[in-house]
Amino acid sequence: MKLRVRRLQYVFATVVVLLASGFEAVAAWPQDDIKPVIGTPNNEFRVVNTYPEYWVDGKPFLMHGAAFFYHRIPRDRWAEVLLHLKALGINTIDLYPLWNWQQPEEGVLDFDGHTNPRRDLKYLLRLIDLMDFKLTFRPGPYFTDEWRNGGYPDWLLRRPEYGMSEQSILEGRYPLWSQLQYDKSEEAATKWLENQTHLDYTRRWFHDVFALVNPLLAENGGPLINIQIDDDQALGRENYNGPNFWRYMDLLRTYAKEATHNSAIPYYINGADMRLNAESNDVTAEPFWNTGQDYQSFGPGGYS
């Protein structure tokens, strides 16, 4: 046990020194005969998007991931916690860049911690890259992390198009249509598609947050290997998700692709036990990956 602690302390010290010196990790990836969809600038293989099989670094890849809720952890402990995750065998960090956390006021974006050290997303991304994790990125716009207002900025929810009372906003309630999606995802998607303010601001948010992570995309030699669109879509077999649901998902994916300069890494949703799963989507030309479809429901609100 003491040896393991000393080893972690040594690695932690090394990480701190490398970060202080501005070190940037460069990884060499093995060649193989798999035809790549995404390649690094020197044409070495990284991610192969051959739905539904997922290849990374020249071999089938199983994400052994852990969500990292950085906004709840002091900045000076991020490296320590990540090292413990590495010791547990975690190979992928699952990251939610919460919209209302990173943009506390309209026109005020904080990705470097100047308003709060826990908003220093730039530093966290450097840590993740340096420690040789893969990265999955979930930019929302909706988050179900039991987080205030589902991640939507309160200054945005005060606009009349969202139909929320001041009391509901102050209580941290989710937007109306985000609540509706758990029972009637088709109706919720239709409402979002009709809300041009929502679409415009979401598109702008994607542009801002992806500008930060684009250098880390797999095709640029970085660890970002997939992107989740929205959150908790169309859960449950009694929840109908029809053509407008897929149109809304596809529109959000289009915004993400615009912001990533048409990155070809997989884009996925995480609906569990869907009535009409991703393979039933005949609306969009490109399929969606779905990480949650293998889950089955047992009892009210239970998944296993």
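The opening position of the sequence shown corresponds to residue 15 in the working numbering, with each subsequent residue numbered one higher. Where a beta carbon is used, it is the ideal one built from N, C-alpha and C, also for glycine.
Taking Cβ to Cβ, would you say I107 is nearer than 8 Å to V95?
-> Numbered from its first residue, the sequence shown carries residue 107 at position 93. Numbered from its first residue, the sequence shown carries residue 95 at position 81. Not closer than 8 Å, so no.
Is the beta carbon of D159 sitting closer than 8 Å to the one on Y110?
-> Locating residue 159 in the sequence shown gives position 145, counting from the first residue. Locating residue 110 in the sequence shown gives position 96, counting from the first residue. A contact, by the Cβ cut-off of 8 Å.
D46 to L231 span [Cα, whole Å] = The residue given as residue 46 occupies position 32 in the sequence shown. The residue given as residue 231 occupies position 217 in the sequence shown. Interpretation of D46 is limited by its pLDDT of 36, a score under 50 that renders its predicted location unreliable; no figure is taken from the coordinates.
So, using beta-carbon positions, are G165 and L249 closer together than 8 Å?
-> Along the sequence shown, one-based indexing puts residue 165 at 151. Along the sequence shown, one-based indexing puts residue 249 at 235. The criterion of a C-beta distance shorter than 8 Å is not satisfied by G165 and L249.
From the DSSP output, in three-state form, read off T298 for me.
-> To locate residue 298, count along the sequence shown from 1; it is residue 284. Coil at T298, not helix or strand.
Can you give the Cα-Cα distance for Y269 and I279, rounded to whole angstroms?
-> Taking the first residue of the sequence shown as 1, we reach residue 269 at position 255. Taking the first residue of the sequence shown as 1, we reach residue 279 at position 265. The straight-line gap from Cα to Cα measures roughly 14 Å.
Quick one: using the 10 Å Cβ neighbour count with 16 as the cut-off for buried, is K73 buried or exposed?
-> Indexing the sequence shown from 1 puts residue 73 at position 59. Exposed is the call here.
Below 8 Å on the Cβ atoms is my guess for D331 versus L123; work out the distance and round it to an integer in Å.
-> This structure leaves residue 331 out entirely; the chain is present only between 15 and 318.
Measure from the alpha carbon of F83 to the alpha carbon of each residue in L171, W161 and P237, then state which is nearest.
-> As a working mapping, residue 83 is identified with position 69 in the sequence shown. Closest option to F83, Cα to Cα, is W161.
Just reading off the alpha helix (DSSP H) that D168 is part of, what are its end residues?
-> Within the sequence shown, the letter at position 154 stands for residue 168. Where D168 is concerned, the enclosing alpha helix (DSSP H) stretches over D168 to L171.
In its own chain, which residues sit with a C-beta less than 8 Å from the C-beta of F157, not counting the 5 before and 5 after it?
-> Start at 1 with the first residue of the sequence shown, and residue 157 comes out as number 143. Same-chain partners within the cutoff: Y110, L112, W113, G164, G165 and D245.
Would you mind sorting G212 into buried or exposed? The rule is 16 or more other CB atoms within 10 Å of its CB.
-> The sequence position of residue 212 within the sequence shown is 198, counting from 1. The sequence shown places His at residue 212, rather than the Gly named in the question. Per the 10 Å Cβ criterion, buried.
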